[in-house]
Amino acid sequence: MAVLLSCSALSKSIGARVLFDNVSLTLSDGDRIGLIGPNGSGKTTLLEILAGNSMPDVGSRSIRKQARIAYVPQDSLFAADQTVGSVLTSALDGLPLDATEKTTKVQMIMTRAALTNPDMAAAALSGGWKKRLAIAAALVTSPDVLLLDEPTNHLDLDGIIWLESALSGVNACLVVTHDRYLLENLATQVTEMNPVYPQSAFQVRGNYSEFLERRQDFLDAQSKQQDALRTKVKREVEWLRRGTKARTGNRALA
């Protein structure tokens, strides 16, 4: 599979706090990566770097020539004068499409996303429909890579079902989410960002169930190593103590 987007040895800090260190990730055709981790581990910051909106302190980002990236941030905000139709049409600005092609694509995505009124004020939509509109605006561009930050926020069950169906048809995507069912049904790889791991991340090819099994194996192995290290240190300390007593006794005899 051809690599679309990658990052190598990324590090990022905010002030004195290190968000992540030495993170590497590759997104290829057909990949659907679920990105998880505790709050504050740098997931959104990593997405911003991958989208080209932010720079790492250290490391590099690479994108395949002419690959198109669409990014949907966690908060879906629209100006007061934007309508559903204008949001979707504006998303196509800069693409090599004529007016008829743009109109056709907008109509198609509105049907797929169940957005029925192009004249509806975008800012007047509920949280769930704002999210759906923001995702639809990304999908209408037919991106090579789709980056999503917590896309199930505010979506009801119908919205989540629509999202799963929509994402199954994209070329490649990376999704930050806490939705375990979405990870189970969608992911071809799960990456957990957490400073407890070497290189700040643990990556497993497969869905969420496979990730949980592999992570448990990793943690068990780490625990055994720590137990072995503690045993070794204990023996070393005991040996040193015995040596100290022996030396003291020999000096007393002398």
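In this note's numbering, the protein residues as written are 10 to 263.
Heads up, the beta-carbon is just placed ideally off N, CA and C, and yes, glycines get one too.
These figures come from a predicted structure and were not determined experimentally.
Using CA coordinates, which residue listed in the options is at the minimum distance from residue i?
i    : options                : result
V127 : S177, T112, G137       : Note that residue 127 is Pro in the sequence shown here, rather than Val. The residue with the shortest Cα to Cα distance from P127 is T112.
G39  : G215, A230, E245       : G215
Q198 : I45, S22, N31          : I45
L14  : D229, E247, E245, D153 : D153
N162 : S135, P105, Q83, M129  : Q83
R121 : S135, F87, T54, S174   : S174
E159 : L142, V81, N31, S37    : V81
V185 : V27, K52, S20, L36     : K52
M1   : T92, V27, R250, M10    : Outside the shown range of the chain (10 to 263) lies residue 1, about which nothing can therefore be said.
N203 : V12, A11, S20, M10     : S20
A147 : S33, I169, L191, S99   : S99
K74  : V12, I42, V205, E247   : V12
What span of residues does the alpha helix (DSSP H) with residue i cover, start to end?
i    : result
D167 : 166–177
Y190 : 189–195
T54  : 52–60
For residue i and residue j, which I take to be in contact (beta-carbon distance under 8 Å), what is that distance rounded to the nearest angstrom?
i    : j    : result
R70  : L59  : 7 Å
D66  : S22  : 6 Å
D165 : G136 : About 10 Å; that fails the 8 Å criterion.
A131 : V179 : 22 Å between Cβ atoms; not a contact.
L101 : V149 : 6 Å
G68  : S17  : 6 Å
S218 : E193 : 6 Å
S37  : A181 : 7 Å
V172 : R41  : According to the sequence provided, residue 172 is Leu. The question's Val does not apply to it. That belief does not hold up - the Cβ atoms of L172 and R41 are roughly 12 Å apart, past 8 Å.
In this structure, how does DSSP classify residue i when only helix, strand and coil are distinguished?
i    : result
K21  : strand
D153 : coil
A133 : helix
M202 : strand
D158 : strand
L14  : strand
L262 : Legend: pLDDT at L262 = 46, less than 50; position of this residue unreliable, value from coordinates given subsequently. Helix, per DSSP.
L142 : helix
A122 : coil
A181 : coil
Would you give the residue range spanned by the beta strand (DSSP E) that residue i belongs to?
i    : result
N31  : 26–37
G43  : 41–45
Q208 : Run containing Q208: none; DSSP gives neither H nor E here.
How about residue i: is its C-beta nearer than 7 Å to some C-beta of chain B?
i    : result
L104 : This model lacks chain B altogether, as it is built from one protein chain only.
Length at least 4, wholly inside the region 67–110: the alpha helix (DSSP H) runs in chain order:
Runs found: 93–99.
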